[in-house]
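First residue of the sequence shown: 123, per the numbering used here; consecutive thereafter.
Where is the CB? At the ideal position from N, CA and C, for every residue including glycine.
Bear in mind the structure is a predicted one, so any value in this text is a computation, not a measurement.
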Amino acid sequence: MSEIVFKSHAPGFWPNDTPDQWNNHIWQLKNRITSLSALEQHVELCEEERAGVLLSGNKLAMAITPHFFNLIDKNDPDCPIRRQVIPRIEETLTDPAEMSDPCGEDSHMPVPGLVHRYPDRVLFLVTDRCAAYCRYCTRSRVVSGVSEQKLETQWEAAFDYLEKTPSVRDVLISGGDALLFSDARLDRLLSRLHAIPHIQFVRIGSRIPIFLPQRITPELCAILKKYHPLFISIHANHPKELTSEVRDALGRLADSGIVMGNQSVLLSGVNDSVDIQKELVQKLLMCRVRPYYLYQCDLIEGSSHLRTSLQKGIDIIEGLRGHTSGYAIPQFVIDGPGGGGKIPINPDYVINHDDGGITLRNYEGKRFHYPSASRVDSPEYR
């Protein structure tokens, strides 16, 4: 078995900056790569990337933290890290099946910024900014501040709705990325939600631990620790993203009692192989993060070059089952286009199902019969 390695890539493209600067999340944010000229200082772009960067100003901004940028292979346009964060001209091509709001969030907002699709939980969109911008972003219509549609969020109206809706027991905070907030502002947000009696727990969806692990400070962890049960869904797509800095940041969160799951998006040329996925999920477990979801890439406009076939995702789950720990296997899901919610997709393990029971196959292809409940109760089984 090969050793699992967590590598630091610092200082990489920033050799003249001090460790104190590098380890400061404010410095990281101020030194993000946000322009073509800055990008070309470090990476030789292909024509598709250069054209994509020039056109990114009116759809989804480009921003890449130094930490994440250091993971890029500057000589390989097909680098799986590059494909996630450097725009390409293919983003201007729209498939007829694609949508600006593929999850139907806008039509499920009782108040601006609060999505109430499932009976007992809501999605609270609290900001339109991220530390870096994924080119396949489901909310590219509203995040980063450059698209025509802006994210409207009304916190007081959202709190009022939540206080008056006792069926809601679970709040997922997302955006944008709430962990970009100052400690004080995040504390106020969590405190307000924590004070609503029927809200049993809060989740935060964040890619900050991956893009900006320097933000996961002891002070931040002390604030988060006050609001248990608190869950964080991180977002890592490729094992290269799990650096030693990320591992340490996730360790600080875990030591604070925060339960973490990982949500990956299946992306062509990034993580669409069993070997890459197996390395990723096993590395996640070493960081005390449970692989949670593997998403089929949403039908977001301009994302066809990053989407794989559905069969690819099914084959990956098939290739993981029985070949690694059950804890390491995420649930492959599709978000039903237009607002159908998460729909689980699994390999076909059921061979036959009738009154006598069910015939199943295991990961090796061997068949097994499990009798129906009525058959078990019959005299021959007594």
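{"Check": "What residue from 474, 263, 398, 181 has the CA that sits closest to residue 438's CA?", "Outcome": "398"}
{"Check": "Secondary structure at residue 67, three-state DSSP: helix, strand or coil?", "Outcome": "For the chain, the structure presents residues 123 to 504; residue 67 sits outside this window and is missing."}
{"Check": "Using 8 Å for Cβ pairs, my map puts residue 326 next to residue 354. What's the rounded Cβ distance?", "Outcome": "5 Å"}
{"Check": "Measure from the alpha carbon of residue 159 to the alpha carbon of each residue in 146, 150, 185, then state which is nearest.", "Outcome": "185"}
{"Check": "Looking only at its own chain, which residues have a Cβ that is under 8 Å from the Cβ of residue 486, when we skip the five neighbours before and after it?", "Outcome": "444"}
{"Check": "If we ignore side chains and look at the alpha-carbon of each, how far apart do residue 451 and residue 256 end up?", "Outcome": "24 Å"}
{"Check": "Using 10 angstroms around the beta-carbon of residue 490, count the other beta-carbons present and answer buried if the total reaches 16, otherwise exposed.", "Outcome": "exposed"}
{"Check": "Since residue 475 sits in a beta bridge, which residues does DSSP pair it with?", "Outcome": "480"}
{"Check": "The alpha helix (DSSP H) spanning residue 172 covers which residue range?", "Outcome": "169-177"}
{"Check": "Considering only the alpha carbon of each residue, which of 222, 216, 193 lies closest to residue 208?", "Outcome": "193"}
{"Check": "Take the Cβ of residue 310 as the centre, count every other Cβ of all protein chains shown within 10 Å, and call the residue buried at 16 or more, exposed below.", "Outcome": "exposed"}
{"Check": "Is the CB of residue 488 under 8 Å away from at least one CB in chain B?", "Outcome": "The structure shown contains no chain B; it is built from a single protein chain."}
{"Check": "What does the alpha-carbon distance come out to for the pair residue 117 and residue 368?", "Outcome": "No information on residue 117 is available, as it lies outside the stretch 123 to 504 that the chain covers here."}
{"Check": "May I ask you to report which of helix, strand or coil DSSP gives residue 164?", "Outcome": "coil"}
{"Check": "Between residue 229 and residue 462, which are expected to be in contact by the criterion C-beta below 8 Å, what is the C-beta distance as a whole number of angstroms?", "Outcome": "The pair is not a contact, with the Cβ atoms about 12 Å apart (cut-off 8 Å)."}
{"Check": "Whole angstroms are fine: how far does the CA of residue 391 sit from the CA of residue 360?", "Outcome": "11 Å"}
{"Check": "Which whole runs of the alpha helix (DSSP H) in the stretch 427-466 are 4 residues long or more, in chain order?", "Outcome": "432-442"}
{"Check": "Could you tell me which of 493, 458, 432 sits nearest to residue 468, measuring between CA atoms?", "Outcome": "432"}
{"Check": "Under the three-state reduction of DSSP, which class applies to residue 425: helix, strand or coil?", "Outcome": "coil"}
{"Check": "Given 7 Å as the limit, tell me if residue 190 has its C-beta closer than that to any heavy atom belonging to the ligand NAD.", "Outcome": "Absence of the ligand NAD from the depicted structure is noted, as is the absence of any ligand whatsoever, leaving it without description."}
{"Check": "Which runs of the beta strand (DSSP E) at least 3 residues long sit entirely within the stretch 196-276? Give them in chain order.", "Outcome": "243-247"}
{"Check": "Give the DSSP-derived three-state secondary structure of residue 159 in the structure shown.", "Outcome": "helix"}
{"Check": "For residue 487, name the three-state secondary structure that DSSP assigns.", "Outcome": "coil"}
{"Check": "According to DSSP, residue 359 sits in a beta bridge with which residue or residues?", "Outcome": "Residue 359 pairs with nothing; no bridge assigned."}
{"Check": "With H, G and I counted as helix, E and B as strand and the rest as coil, what does DSSP make of residue 309?", "Outcome": "helix"}
{"Check": "Give the C-beta separation of residue 308 and residue 293 to the nearest angstrom, bearing in mind that I take them to be a contact with Cβ-Cβ under 8 Å.", "Outcome": "Not confirmed; about 14 Å, so no contact."}
{"Check": "Following the continuous beta strand (DSSP E) through residue 397, name the residue where it begins and the one where it ends.", "Outcome": "Looking at the DSSP string, residue 397 is not in any beta strand (DSSP E); the run it does join, the alpha helix (DSSP H), is 396-408."}
{"Check": "Are residue 446 and residue 400 closer than 8 Å when you measure CB to CB?", "Outcome": "yes"}
{"Check": "Do residue 336 and residue 197 have their beta-carbon atoms positioned less than 8 Å apart in this structure?", "Outcome": "no"}
{"Check": "Tell me whether residue 195 is buried or exposed, calling it buried when 16 or more other Cβ atoms sit within 10 Å of its Cβ.", "Outcome": "exposed"}
{"Check": "Could you check which residue in 456, 162, 157 has the C-alpha nearest to that of residue 466?", "Outcome": "456"}
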